[in-house]
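J.: Please read through the structure below; I'll follow up with questions.
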Amino acid sequence: MDSAAAVRPQLAIVVPAWNEEAVIGQTVAQLREVAEALGRPYELVVVDDASSDRTA
């Protein structure tokens, strides 16, 4: 088993997204930067509920 896969996240970030094509990339990048600076395992989940743009 990969040791990285065995690490459980200590932080879960859930981001709802609907028609956020223009900003979702920057939002995810900023959240990753902040989460990585904490130095703890984390997971980032973006939930897209049938956007009509290219959010997904």
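For the sequence shown, my numbering assigns the number 608 to the initial residue and increments by one for each residue that follows. All residues carry an ideal CB built from backbone N, CA and C; glycine is no exception.
My understanding is that V622 touches P648, with C-beta atoms under 8 Å, so please give their C-beta distance in whole angstroms.
T.: As a first step, residue 622 is located in the sequence shown; it is residue number 15 there, counting from the start. As a first step, residue 648 is located in the sequence shown; it is residue number 41 there, counting from the start. With 8 Å as the limit, V622 and P648 do not qualify as a contact, their Cβ atoms being about 18 Å apart.
J.: Keeping to the same chain, check which residues put their C-beta closer than 8 Å to that of L638; ignore five residues upstream and five downstream.
T.: Counted from its first residue, the sequence shown places residue 638 at position 31. Taken in chain order, the residues that qualify are I620, V622, L651.
J.: At what residues does the beta strand (DSSP E) containing E628 begin and finish?
T.: Here residue 628 refers to the residue found at position 21 when the sequence shown is read from its first residue. Neither: E628 is in no beta strand (DSSP E) and is coded neither H nor E.
J.: For S658, collect the residues of the same chain with a Cβ closer than 6 Å to its Cβ; drop the 5 residues on either side in sequence, then sort them by chain order.
T.: Locating residue 658 in the sequence shown gives position 51, where the first residue counts as 1. Excluding positions up to five away in sequence, the list reads W625, N626.
J.: Helix, strand or coil: which one does DSSP assign to E621?
T.: For the purposes of this step, residue 621 is taken as residue 14 along the sequence shown, with counting starting at 1. The question names Glu, but residue 621 in the sequence shown is Val. The answer is strand: DSSP assigns V621 an E or B state.
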